[in-house]
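First comes the structure, then the notes that go with it.
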Amino acid sequence: DAGVIQSPRHEVTEMGQEVTLRCKPISGHDYLFWYRQTMMRGLELLIYFNNNVPIDDSGMPEDRFSAKMPNASFSTLKIQPSEPRDSAVYFCASSLPPDRAPRHSPLHFGNGTRLTVT
Amino acid sequence: DQQVKQNSPSLSVQEGRISILNCDYTNSMFDYFLWYKKYPAEGPTFLISISSIKDKNEDGRFTVFLNKSAKHLSLHIVPSQPGDSAVYFCAARGDTNAGKSTFGDGTTLTVKP
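Here the protein sequences come in this chain order: G and B. If you're matching positions, the first sequence starts at 1188 in the numbering used here and goes up one per residue. If you're matching positions, the second sequence starts at 864 in the numbering used here and goes up one per residue.
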């Protein structure tokens, strides 16, 4: 299996521009998560989906952030308009549900997208 | 309120010695605790886990200990190898929120040859 695939690996954009991050989860994984890593806040969960349906978006920082999962093999995280404080590494992760996996149901992370907003 | 804390940002040990990474949590409803390892420019990868009904889980050189009364867990690596140098994240989740994990800030382990 190719694992979780994220694109692009690096994104540099100017403040005010729209940014779209992409993720392809592992086939068969029902859960998809978007995390953000910063020095100040560590790894924080932004939103997660179960069977393409958003379950909890309480971590999305503000309305400038939106996420979609149009099908089981693709998700996007969009920031519009972007701001310098959005600079971070954004990780996508997927997992099996506990009833079809070991109970601890570990997350499988992609290699992240490093976003820099100038 | 940070529910999972790793109070040591960094740890340096000599090759062959034991590495002990610590993690504290505040939420007694957590059912599973997981450790992830992260190399630069890569995503975290799952290393080892423990259920709240156990107090120890061992996998090769890696052992995780859980002290529920103290709300504390630790990861022991023995013997430590230079390839173990990475950032280690402690994570916790409940049984009902499948996969929704809360992460600590990570500890950077450096194993010196």
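Just so you know, even glycine gets a beta-carbon here, dropped at the ideal spot from N, CA and C. Please read these numbers as outputs of a predicted model, since none were measured by experiment.
{"Query": "Three-state secondary structure (DSSP) at B:R956?", "Result": "strand"}
{"Query": "Specify, as a first and last residue, the run of the beta strand (DSSP E) that G:N1239 falls within.", "Result": "First-last for G:N1239: undefined, no H or E at that position."}
{"Query": "Looking at the unbroken beta strand (DSSP E) that takes in G:E1198, where does it start and where does it end?", "Result": "H1197 to T1200"}
{"Query": "Would you give the residue range spanned by the beta strand (DSSP E) that G:M1144 belongs to?", "Result": "The requested residue 1144 of chain G does not occur in the structure, where chain G is confined to residues 1188 to 1305."}
{"Query": "I'd like to know if G:D1273 contacts chain B, where contact means its C-beta is closer than 8 Å to some C-beta of that chain.", "Result": "no"}
{"Query": "Quick one: list the residues of chain B neighbouring G:M1298, beta-carbon separation under 8 Å, in chain order.", "Result": "Contrary to the premise, residue 1298 of chain G reads as Asn rather than Met in this sequence. Near G:N1298 (Cβ distances below 8 Å), the residues of chain B are A904, E905 and G906."}
{"Query": "State buried or exposed for G:V1304, treating a residue as buried only when at least 16 other CB atoms are found within 10 Å of its CB.", "Result": "buried"}
{"Query": "With a cut-off of 8 Å on the beta carbons, I'd call G:A1254 and G:N1239 a contact; round off their distance for me.", "Result": "Contact flag wrong, Cβ pair sits at about 11 Å."}
{"Query": "Could you have a look at G:R1228 and say whether DSSP puts it in helix, strand or coil?", "Result": "coil"}
{"Query": "With C-beta atoms as the reference, is G:M1247 less than 8 Å away from G:I1266?", "Result": "no"}
{"Query": "State whether the region 927 to 935 of chain B contacts the region 900 to 909 of chain B, with contact taken as three or more CB pairs (one from each stretch) at a distance under 8 Å.", "Result": "no"}
{"Query": "Whole angstroms is fine: what's the gap from G:M1227's alpha carbon to G:F1236's?", "Result": "25 Å"}
{"Query": "Taking only the alpha-carbon atoms, compute the straight-line gap between G:G1269 and B:E878 and give it to the nearest angstrom.", "Result": "Note on identity: in this sequence residue 1269 of chain G is Ser, with Gly being the wrong assignment. In a straight line, the C-alpha of G:S1269 is about 44 Å away from that of B:E878."}
{"Query": "Cβ closer than 8 Å: which chain B residues qualify as neighbours of G:D1250?", "Result": "Residues of chain B passing the Cβ test: none, with the nearest at roughly 22 Å."}
{"Query": "Run through DSSP, which three-state label would G:D1286 get?", "Result": "helix"}
{"Query": "How would you label G:D1273, buried or exposed, when you count the other beta carbons within 10 angstroms and need 16 or more for buried?", "Result": "buried"}
{"Query": "Can you tell me whether DSSP reads B:R880 as helix, strand or coil?", "Result": "coil"}
{"Query": "Taking the Cβ atom as the reference point for each residue, do B:T970 and B:Q869 lie within a distance shorter than 8 Å?", "Result": "yes"}
{"Query": "How would you list, in chain order, the residues of chain G whose beta-carbon sits under 8 Å from the beta-carbon of B:L874?", "Result": "Within 8 Å Cβ-Cβ: nothing; B:L874 doesn't reach chain G, min ~17 Å."}
{"Query": "Look up G:V1276 in the DSSP assignment and give the residues it is bridged to.", "Result": "G:Q1224 and G:R1301"}
{"Query": "Grab me the residues of B:F893's own chain with a C-beta within less than 7 Å of its C-beta, minus the 5 sequence neighbours each way, in chain order.", "Result": "S915, A955, R956 and G957"}
{"Query": "Got a sec? Which residues, its chain only, sit under 7 Å from G:R1251 by beta carbon, not counting five neighbours each side?", "Result": "I1266, Q1267 and P1268"}
{"Query": "Does any heavy atom of the ligand FMN sit closer than 7 Å to the C-beta of B:I913?", "Result": "The ligand FMN is not part of this structure, which contains no ligands at all."}
{"Query": "Which one or two residues does DSSP pair with B:A949 in a beta bridge?", "Result": "B:L972"}
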